[in-house]
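Participant: First, the structure itself, so that you have it in front of you.
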């Protein structure tokens, strides 16, 4: 990713904790996330994701953080996908503790998936999370 891109600049204070993906890796992450993105609504695709849980948290970000802590193991590497050229890797523990600073300023939707397990998470800019298990996991 281009170091002058606005999202890189927005998250520069986390540069020790996130690793931006280069073009080819970002495209692969985007394509993988797209397999699990619903084509009919904002959220996960029930055809490719099982055990979907949804949390609409409004302005209660503390309850959303607690919800994530209870569901996202802290010892995973996750890919955060905003778009086909806006993707980074970080630890799941870092994501859970810093999701507000990562997602809320830009108000963009994002898909997050684990490289270690079938876990997939969707963040909706309308203060909602969906979490599930990818049915096809490599």
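In my numbering, the protein residues as written are 13 to 150. No residue lacks a Cβ here, since even glycine has one placed at the ideal position from N, Cα and C.
#1: Among 147, 46, 34, 70, which one has its Cα closest to the Cα of residue 134?
#2: Would you report the Cα separation of residue 65 and residue 34, rounded to the nearest angstrom?
#3: Cβ atoms of residue 30 and residue 131: under 8 Å apart, would you say?
#4: I need the straight-line Cα distance from residue 105 to residue 88, nearest angstrom please.
#5: If I measure Cβ to Cβ from residue 85 and keep anything under 7 Å in the same chain, skipping five residues before and after, which residues do I get?
#6: How is residue 64 classed by DSSP in three states: helix, strand or coil?
#7: Using the C-alpha atoms, what's the distance from residue 114 back to residue 24?
#8: With the cut-off set at 8 Å, would you say residue 56 and residue 144 are in Cβ contact?
#9: Does residue 111 pass the burial test, meaning 16 or more other C-beta atoms within 10 Å, or should it be called exposed?
#10: Is the separation between the beta-carbon of residue 76 and that of residue 124 shorter than 8 Å?
#11: Would you report the Cα separation of residue 148 and residue 62, rounded to the nearest angstrom?
#12: Give, in chain order, every unbroken run of the beta strand (DSSP E) that is at least 3 residues long and sits entirely within the segment 44-90.
#13: Taking all protein chains shown into account, do 16 or more other C-beta atoms lie within 10 angstroms of the C-beta of residue 142, making it buried, or fewer, making it exposed?
Facilitator: In short:
#1: By one-based count along the chain shown, residue 134 stands at place 122. Checking every option, the nearest Cα to that of residue 134 belongs to 46.
#2: Here residue 65 refers to the residue found at position 53 of the chain shown. Here residue 34 refers to the residue found at position 22 of the chain shown. Cα-Cα distance, rounded: 31 Å.
#3: Here residue 131 is taken as the residue at index 119 of the chain shown, counted from 1. Here residue 30 is taken as the residue at index 18 of the chain shown, counted from 1. No, these two residues do not count as a Cβ contact at 8 Å.
#4: In the chain shown, counting from the first residue as 1, residue 105 sits at position 93. In the chain shown, counting from the first residue as 1, residue 88 sits at position 76. Approximately 8 Å, taken between the alpha carbons.
#5: Residue mapping note: residue 85 aligns to position 73 of the chain shown, counting from 1. Only 104 meet the Cβ criterion.
#6: As a working note, residue 64 is residue 52 in the chain shown. It is a strand residue.
#7: The residue you call residue 24 lines up with position 12 of the chain shown. The residue you call residue 114 lines up with position 102 of the chain shown. Taking the straight line from one Cα to the other gives about 11 Å.
#8: Working through the chain shown from its first residue, we reach residue 56 at position 44. Working through the chain shown from its first residue, we reach residue 144 at position 132. Their beta carbons are under 8 Å apart, which means residue 56 touches residue 144 by this criterion.
#9: As a first step, residue 111 is located in the chain shown; it is residue number 99 there, counting from the start. Buried is the call here.
#10: Here residue 76 refers to the residue found at position 64 when the chain shown is read from its first residue. Here residue 124 refers to the residue found at position 112 when the chain shown is read from its first residue. No, they are not a contact pair.
#11: For the purposes of this step, residue 148 is taken as residue 136 along the chain shown, with counting starting at 1. For the purposes of this step, residue 62 is taken as residue 50 along the chain shown, with counting starting at 1. C-alpha separation (whole angstroms): 10 Å.
#12: 61-68
#13: Taking the chain shown and counting its residues from 1, one reaches residue 142 at position 130. It is buried - the Cβ of residue 142 has at least 16 other Cβ atoms within 10 Å.
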